[in-house]
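Notes to accompany the following structure.
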Amino acid sequence: MFSADVIDELKEIRSHYPVAKAAMVPVLHVVQREKGWCDTESQAWVAEFLDVTAIEVFEVVTFYPMLYDKPVGRHTIHVCRTVACDACGGKELWQHLEHKLGVGRGETTGDGRFTLRSAECLASCGTAPVLLLDGERHENLTLEQTDKLLESAS
Amino acid sequence: MIQENKVLSARFGTPDSCSIETYRRDGGYQTYVETLRSRQPDDIIDEVKRSGLRGRGGAGVSPGMTWSFVPKQTDKPKYLCVNGDESEPGTFKDRQILEFDPHALLEGVGISCFAFGASTCYVYLRCEFAEGIRAVQKAIKEAYEAGFFGKDIAGTGFDLDCYLHIGAGAYICGEETSLLNSIEGVRPYPRNKPPFPAVEGLWGCPTVINNVETITNIPHILKNGAEWHAKLGHADDPGVRLWCVSGHVNKPGVYEFETGFKLQDLIDGPCGGMRDGRKLKAVIPGGSSSKVLLPDEVARVTMDTPGIRALGSSLGSAGIMVFDDRTCMVDAILNLMKFYAHESCGQCTPCREGTPWVVKILQRFVDGRGRPQDMELLLDIAANMEGRTVCALADGACWPLTSIVQKFRHEFEAMIPSAKTSSGRTATAAPTGAA
Ligand SMILES: Cc1cc2nc3c(=O)[nH]c(=O)nc-3n(C[C@H](O)[C@H](O)[C@H](O)COP(=O)(O)O)c2cc1C
Ligand code: SF4
Ligand code: FES
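The structure is reproduced here in structure tokens:
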């Protein structure tokens, strides 16, 4: 399922803990990086790798917003929804993106290019509004800058 | 007048501040090595206690006290978890340390672990901190290569491992016992206390959880002495803090001041006053889980634990959110309550059921369908949440809610259709901002 390099990386992570199960979230992050999301097949593989049951993996995947239990687009956008951003242009940014991409919260564009999600406070409240594009933070965004940013993601 | 005192942020502007070369050039890791060579663990704990430092994660507990609860006679390994989940709305200070001075944090990790005998440290960072994660990852590698982590550190026989652990987007994981479950790889529901983590934490072993900024203070205290620290700022809550200012000011950002300054001076001075010349309406002073302050309270409050407690609020995580007179406070608290409803782990009934119920009621107001009895209902729901749950998330949701309902009653009343309001005015539609 994974290349030898990735397996080595996963074994290294597992070695950081006295109990293999503790590597759960870090291992799932690597799985998600490799596969795009935490699909059922990968979850079963992780269960075996960490010597736990599949339901234990499922319980963790389904708890965390940043672990995806459904496929996402090639690029993910997380727009901060919380109060400091909301008060400083976040609302407008969200409406702009919904309109431009033609999708709602949590949805993926028809061409599979973008998934639009909201996030709770991204710890950048002083540089609102803020979003993450493929996990990288972009701050103090104007709508024009946002458009340029999207163009850069093919 | 209010002047910055850059202790924790002194190196933020240094070119290549994250590299071990510049950190060591600036004297970094010397305190760690000297402490390991010349000081006894109990003596370090005592120094930190005497410094008066309070934890910077929100609860304000003395780290020296926490460390002294770790049992000395035990065969079990001991752990330090650095809390870098930083998800409290309005808070963005730990991220600066991670991105601009990760070695300062790691030096604090080394000294802290030595003080209470930990053999392993997990630095827990939220996964949204891509840049901070890269910086800390690289810093840990460099620190191992330089011999500051690993076996027989500085020839003293002290062994210490340090690993990064990444979360996955849940605010609740910042709560210390949820963080433990998150590391253990189970659903991160907070645990009942006691047992306290210092006695039974990770895998039942003694574990200390401390905030990033707390740990970063430790080398400075060891280097300059407890007395130096105790004299900074307010005597009952001394030290410097990284204050995060967001919202409607001209210059939001992170500022480092000693405790005890006047909040109004920060807003008018370094923050450049209110944006667009608007008027101040309200400040949430210590992260979203603190009680709101009105302009007259902002004008007199001093930013230290006794000063802010005198007004019934708290310094929490030092996240100062400033709102101008265009802000609809009902809308603002609706936004925050959506946050708490989303982040409730769902384990306790009052929190799981209470937070979405509050959202529903507030939404009714914002939609112009508020009912006269709804304000009392909100306070009643809060009374049935506060103090009745496993963790403090529910309390943290109640404090901004009740304070906004009490201090901005007129805004709620104005959103009740065609009702006679207490001020004698008649409201017909939902206003979008005006008081
Ligand atoms: C819901 C909730 C979220 C919390 N989030 C954080 C956080 O993101 N970072 C943090 O350091 N402390 C957070 N805390 C406080 C921790 O439980 C704990 O008090 C703190 O990490 C202890 O470190 P300190 O003594 O150094 O402050 C949170 C508490 C609660 C109840
Ligand atoms: S108070 Fe809320 S977040 Fe905390 S344990 Fe209970 S349900 Fe979970
Ligand atoms: S509210 Fe958006 S980053 Fe904090």
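Chains as they are written, first to last, in this note's numbering: chain A, 958 to 1111; chain B, 41 to 475.
Cβ coordinates follow ideal geometry from the N, Cα and C atoms, glycine included.
Just so it is clear, the structure is predicted and the values come from calculations on it, not from any experiment.
*Other residues of its chain near Thr367(B): CB distance less than 8 angstroms, five sequence neighbours each side excluded*: Numbered from 1 along the second sequence, position 327 holds the residue referred to as residue 367(B). His288, Lys321, Ala322, Gly473, listed in sequence order.
_Check whether Glu139(B) and Gly172(B) have beta carbons under 9 angstroms apart_ = To locate residue 139(B), count along the second sequence from 1; it is residue 99. To locate residue 172(B), count along the second sequence from 1; it is residue 132. With contacts defined as CB atoms closer than 9 angstroms, Glu139(B) and Gly172(B) qualify as a contacting pair.
*In the structure shown, what three-state DSSP assignment does Lys302(B) receive?*
As a first step, residue 302(B) must be located in the second sequence, where it is residue number 262. Lys302(B) falls in the strand class under three-state DSSP.
*Could you confirm whether any beta carbon from chain A is found closer than 9 angstroms to the beta carbon of Val338(B)?*
Here residue 338(B) refers to the residue found at position 298 when the second sequence is read from its first residue. Any Cβ of chain A closer than 9 angstroms to the Cβ of Val338(B) would place that residue at the interface, and such an atom is absent.
*Starting from Thr160(B) and walking both ways along the beta strand (DSSP E), at which residues does that stretch end?*
Taking the second sequence and counting its residues from 1, the one referred to as residue 160(B) is at position 120. For Thr160(B), the enclosing beta strand (DSSP E) begins and ends at 160-165.
_Contacts around Pro471(B), its chain only, beta-carbon distance under 6 angstroms, and the 5 residues preceding and following it disregarded_ = The residue labelled residue 471(B) in the question sits at position 431 within the second sequence. Only weak support exists for where Pro471(B) lies, its pLDDT of 46 falling under 50; the coordinates are left without a value.
*May I have all residues whose beta carbon comes closer than 5 angstroms to any heavy atom of ligand 3, sorted in chain order?*
Cβ atoms closer than 5 angstroms to ligand 3 belong to Cys1037(A), Thr1039(A), Ala1041(A), Cys1042(A), Cys1078(A), Leu1079(A), Ser1081(A), Cys1082(A), Val1087(A).
*Name the chain A residues that come within less than 7 angstroms of Ser222(B), Cβ to Cβ?*
One-based indexing of the second sequence puts residue 222(B) at position 182. For Ser222(B), the chain A residues whose Cβ falls inside 7 angstroms of its Cβ are Val982, in order along the chain.
*asked:* Given this structure, state the Cα-to-Cα distance separating Gly356(B) from Asp1068(A), to the nearest angstrom.
replied: Counting from 1 along the second sequence, the entry for residue 356(B) is found at position 316. Counting from 1 along the first sequence, the entry for residue 1068(A) is found at position 111. For Gly356(B) and Asp1068(A), the distance between alpha carbons rounds to 45 angstroms.
*asked:* Using a Cβ-Cβ cutoff of less than 6 angstroms, which residues in the same chain neighbour Val362(B) once the five nearest sequence positions on both sides are dropped?
replied: Here residue 362(B) refers to the residue found at position 322 of the second sequence. Within the same chain, and ignoring the five residues on either side of Val362(B) in sequence, the residues whose Cβ sits closer than 6 angstroms to its Cβ are Gly287, His288, Val289, Val323.
*By Cβ distance below 6 angstroms, which residues in the same chain neighbour Asp344(B) in space, the five residues on each side in sequence not counted?*
Here residue 344(B) corresponds to residue number 304 of the second sequence, with the count starting at 1. Once the five neighbours on either side are set aside, the close Cβ partners of Asp344(B) are His274, Asp277, Thr299, Gly300.
*asked:* If we require 4 or more residues per run, which alpha helix (DSSP H) segments fall completely within the stretch 166-215 of chain B?
replied: Along the length of the stretch 166-215 of chain B, whole alpha helix (DSSP H) runs at least 4 residues long occupy 170-185, reported in chain order.
*How about Tyr184(B): is its C-beta nearer than 9 angstroms to some C-beta of chain A?*
Residue numbering aside, residue 184(B) sits at position 144 when the second sequence is read from its first letter. Not one chain A Cβ lies under 9 angstroms of Tyr184(B).
_Could you pull the DSSP bridge partners for Glu296(B) from this structure?_
Position 256 of the second sequence, counting from 1, holds the residue named residue 296(B). Answer is Leu282(B), bridged to Glu296(B).
_I'd like the span of the alpha helix (DSSP H) that includes Phe156(B), first residue to last._
Stepping through the second sequence from its first residue, residue 156(B) is reached at position 116. Phe156(B) -> alpha helix (DSSP H) spans 142-156.
*Could you tell me the boundaries of the beta strand (DSSP E) in which Leu120(B) lies?*
Counted from its first residue, the second sequence places residue 120(B) at position 80. Per DSSP, Leu120(B) is one residue of the beta strand (DSSP E) stretching across 119-124.
_Within a Cβ cutoff of 8 angstroms, which residues of the same chain sit near Asp192(B), ignoring the five residues on either side of it in sequence?_
The residue labelled residue 192(B) in the question sits at position 152 within the second sequence. The beta carbon of Asp192(B) is closer than 8 angstroms to those of Phe198, Asp199 in its chain, skipping five residues each way along the sequence.
*Are Lys263(B) and Gln413(B) touching if we call contact CB-CB under 9 angstroms?*
Start at 1 with the first residue of the second sequence, and residue 263(B) comes out as number 223. Start at 1 with the first residue of the second sequence, and residue 413(B) comes out as number 373. No, Cβ-Cβ distance for Lys263(B) and Gln413(B) is not below 9 angstroms.
*Can you list, in chain order, the residues of its chain whose CB lies under 7 angstroms from that of Gln304(B), leaving out five sequence neighbours each side?*
Working through the second sequence from its first residue, we reach residue 304(B) at position 264. Its chain contains Val338, Ala339 as the residues whose beta carbon lies nearer than 7 angstroms to that of Gln304(B), once the 5 sequence neighbours on both sides are disregarded; these appear in chain order.
*Alpha carbon to alpha carbon, what distance is there between Lys89(B) and Val149(B)?*
For the purposes of this step, residue 149(B) is taken as residue 109 along the second sequence, with counting starting at 1. For the purposes of this step, residue 89(B) is taken as residue 49 along the second sequence, with counting starting at 1. Going from the Cα of Val149(B) to the Cα of Lys89(B) covers about 17 angstroms.
*Alpha carbon of Gly124(B) to alpha carbon of Asp336(B), nearest angstrom*: Position 84 of the second sequence, counted from the first residue, corresponds to residue 124(B). Position 296 of the second sequence, counted from the first residue, corresponds to residue 336(B). So the two alpha carbons sit approximately 34 angstroms from each other.
*Is Glu44(B) helix, strand or coil by DSSP?*
Residue mapping note: residue 44(B) aligns to position 4 of the second sequence, counting from 1. Coil.
_Cβ-based neighbour list, Thr62(B), same chain, cut-off 7 angstroms, excluding 5 preceding and 5 following_ = Translated into positions along the second sequence, residue 62(B) becomes position 22. Thr54, Asp56, listed in sequence order.
*Gly359(B) classed as buried or exposed, judged by whether at least 16 other C-beta atoms fall within 10 angstroms*: On the second sequence, position 319 is the one that residue 359(B) refers to. That one is buried.
*Would you say Val252(B) reaches chain A, if we count a Cβ-Cβ gap shorter than 9 angstroms as a contact?*
One-based indexing of the second sequence puts residue 252(B) at position 212. It does not: the Cβ of Val252(B) has no partner Cβ on chain A nearer than 9 angstroms.
*Return yes when at least one heavy atom of ligand 2 lies under 8 angstroms from the C-beta of Gly386(B), else no.*
Mapped onto the second sequence, residue 386(B) falls at position 346. Yes, the Cβ of Gly386(B) comes within 8 angstroms of a heavy atom of ligand 2.
*Would you say Gly214(B) touches ligand 1, meaning its beta carbon is less than 8 angstroms from a heavy atom?*
Counting from 1 along the second sequence, the entry for residue 214(B) is found at position 174. Yes, since a heavy atom of ligand 1 falls inside the 8 angstroms radius drawn around the Cβ of Gly214(B).
_Burial state of His1056(A), where buried means 16 or more other Cβ atoms lie within 10 Å_ = Position 99 of the first sequence, counted from the start, is the residue given in the question as residue 1056(A). That one is exposed.
_Check whether the stretch 239-251 of chain B and the stretch 994-1004 of chain A touch, using three or more Cβ-Cβ pairs below 8 angstroms as the test._
No contact exists between the stretch 239-251 of chain B and the stretch 994-1004 of chain A.
*Reducing DSSP to helix, strand and coil, say where Ala1004(A) ends up.*
Here the question's residue 1004(A) lines up with position 47 in the first sequence. Ala1004(A) falls in the helix class under three-state DSSP.
*Compute the Euclidean distance between the alpha carbons of Ala469(B) and Ile258(B), then round it to the nearest angstrom.*
What you label residue 469(B) is simply residue 429 of the second sequence in a count that begins at 1. What you label residue 258(B) is simply residue 218 of the second sequence in a count that begins at 1. Annotation note: pLDDT 46 at Ala469(B) (below 50); position unreliable, no value reported.
*Quick one: grab the DSSP three-state call for Val1060(A).*
Along the first sequence, one-based indexing puts residue 1060(A) at 103. Three-state result, Val1060(A): coil.
*Hey, would you say Asp316(B) sits closer than 9 angstroms to Asp364(B), going by beta carbons?*
What you label residue 316(B) is simply residue 276 of the second sequence in a count that begins at 1. What you label residue 364(B) is simply residue 324 of the second sequence in a count that begins at 1. Contact: yes.
*State buried or exposed for Asp1173(A), treating a residue as buried only when at least 16 other CB atoms are found within 10 Å of its CB.*
Given that chain A is displayed from residue 958 to residue 1111, the structure contains no residue 1173(A) and the question cannot be resolved.
*What's the C-alpha gap between Cys438(B) and Gly347(B)?*
Stepping through the second sequence from its first residue, residue 438(B) is reached at position 398. Stepping through the second sequence from its first residue, residue 347(B) is reached at position 307. So the alpha carbons of these two residues sit roughly 21 angstroms apart.
*Measure from the alpha carbon of Val332(B) to the alpha carbon of each residue in Arg318(B), Ser354(B), Val239(B), then state which is nearest.*
The sequence position of residue 332(B) within the second sequence is 292, counting from 1. Ranked by Cα distance from Val332(B), the options Arg318(B), Ser354(B), Val239(B) are led by Ser354(B).
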